[in-house]
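Letter by letter, the sequence shown follows residues 4 to 314 in full-length UniProt numbering. Beta carbons: idealized from backbone N, C-alpha and C, even for Gly. To start, the structure itself, in structure tokens.
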Amino acid sequence: RRKIIIDTDPGQDDAAAIMLALASPDEIEVLGLCAVAGNVPLKLTSRNIRIMLELCNRTEIPVYEGCERPLVRAPITAEHVHGSTGLDGPTLPEPVLEAQSQNAIDFIIETIRREPEGTVTLCTLGALTNIATALQKAPDIAPRVKELVLMGGGFFEGGNITPAAEFNIYVDPHAADIVFRSGIPLVMMPLDVTHKLLTTKARVAAIRDIGTRPAIAMAEMLEFFERFDVEKYGSDGGPLHDPTVIAYLIKPDLFDGRDCNVEIEVNSELTIGMTVVDWWKVTGREPNARVMRDVDADGFFALLTERFARI
Ligand code: BDR
Ligand code: CA
């Protein structure tokens with residue numbers, strides 16, 4: 004059973020990842036959920052995490068608020084994808100649950116220092132601002148982290164917010180640069196994987212047909228979320244990004260990739276936020292990440308549906 008911290012900016016696909024983690028207590032223990040600014044501003048991402056905990060009846064899990072803005076750049080949001088609340092789609096009550104008074108950065112540092120070395124996995128579903136800030140404040144935590152599994156980046160698939168950059172890395176490339184140089188074992192779920200995971204009508208219907216309130220709310224979120232991508236990509240449903248991180252912890256065999264060197268572009272105006280993946284090993288630079296490229300899409304959605312039915 005993995006002890007994890009989820010750092011997230013919900014986002015309907017973040018919400019699906021959170022639900023998947025909460026539905027999988029045999030494999031995953033969620034130590035805490037940290038909010039970061041991204042898809043929408045911090046107050047809303049924090050609210051959306053708390054809505055998900057209430058929807059799934061798991062209000063004993065603590066929520067922490069982290070950074071309101073990226074390390075260097077001005078904030079960038081994605082209401083055009085996720086709606087003005089970040090969780091548009093279903094009608095859900097405002098949460099009663101409150102965030103902890105401790106901030107996410109100190110929670111991350113204290114937890115990694117307190118738990119036995121090599122036992123805490125960081126799961127990041129948004130920009131890497133909170134993690135980079137924790138690493139800057141407490142460099143001693145890096146060698147204690149078991150693994151950091153992130154949704155972010157793209158290589159053969161290109162970017163989704165600029166031609167070169169994926170949203171999570173683009174929002175805070177300077178933070179990503181710190182994380183990719185940290186020495187923490189990284190597993191990267193890029194657009195090359197997530198663009199193969201389309202929320203087709205049949206897949207969303209299978210989730211809705213579970214019939215519980217959380218499952219129906221999730222189906223409504225996925226239907227809202229996919230509108231943007233169907234219009235944009237003309238595909239049969241939108242790509243489902245963030246649950247890949249949690250699915251990897253439960254069933255790593257769903258994914259296939261390579262150990263590669265990855266560096267983050269932080270200087271160029273044209274390609275800032277690009278994940279430069281040395282897939283063909285042309286540089287001789289040491290691998291710092293396991294970069295996934297392929298996924299068993301039907302197996303992934305079967306896992307999601309089976310787990311959502313447990314909530
Ligand atoms: C990533 O950007 C966000 O909009 C999604 O939640 C996901 O984490 C995809 O590029
Ligand atoms: Ca996200």
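So, with DSSP's three-state summary, where would you put residue i?
i: F159; result: coil
i: residue 1; result: Because the chain here runs from 4 to 314, residue 1 falls outside it and cannot be looked at.
i: K199; result: coil
i: L307; result: helix
i: P217; result: helix
i: E82; result: helix
i: P255; result: helix
i: E272; result: coil
i: L100; result: coil
i: T124; result: strand
i: T286; result: coil
i: E169; result: coil
i: G302; result: helix
i: residue 2; result: With the chain covering 4 to 314 only, the question about residue 2 has no answer from this structure.
i: E63; result: coil
i: R206; result: helix
i: E223; result: helix
i: L25; result: helix
i: A312; result: coil
i: I164; result: coil
i: A77; result: coil
i: D91; result: coil
i: D212; result: coil
Quick check on the DSSP output: the beta strand (DSSP E) that includes residue i runs from which residue to which?
i: A292; result: 292–298
i: V152; result: 148–154
Per the DSSP calculation, residue i is bridged to which residue(s)?
i: M191; result: L153, V294
i: P242; result: L201
i: D262; result: R293
i: E113; result: Answer by DSSP bridge pairing: none, since E113 is not bridged.
i: L131; result: Answer is none; L131 lacks a bridge partner.
i: E68; result: A38, N106
i: R5; result: I31
i: T278; result: I267
i: T11; result: A38
The alpha helix (DSSP H) spanning residue i covers which residue range?
i: A38; result: A38 -> not in any alpha helix (DSSP H); beta strand (DSSP E) instead, spanning 31–38.
i: K46; result: 45–58
i: I181; result: 176–183
Please state whether the Cβ-Cβ distance between residue i and residue j is less than 8 Å.
i: L36; j: I21; result: yes
i: L225; j: A292; result: no
i: L90; j: L56; result: no
i: N60; j: G129; result: no
i: N133; j: D10; result: yes
i: V174; j: G41; result: yes
i: residue 325; j: V152; result: Not covered by the structure: residue 325. The range shown for the chain is 4 to 314.
i: L201; j: K254; result: no
i: C263; j: V280; result: yes
i: I115; j: I79; result: no
i: T165; j: G241; result: no
i: R310; j: L23; result: yes
i: L34; j: I54; result: no
i: P65; j: Q103; result: yes
i: L243; j: A81; result: no
i: L58; j: A220; result: yes
i: V294; j: M154; result: no
i: G157; j: T274; result: no
i: F303; j: L257; result: yes
i: D239; j: T203; result: yes
Using 7 Å as the cut-off, classify the Cβ of residue i as near or not near the heavy atoms of ligand 3, replying yes or no.
i: T11; result: Within the structure as shown, ligand 3 is missing, the only ligands being ligand 1 and ligand 2.
Give a yes or no on whether the minimum CB-CB distance between residue i and chain D is below 8 Å.
i: A220; result: Here there is only one protein chain, and chain D is not present.
Point to revise | Closer than 6 Å: residues whose CB approaches a heavy atom of ligand 1 | key: G14, D16, D17, N42, A81, V84, L128, G129, M154, N163, E169, F170, N171, H244, D245
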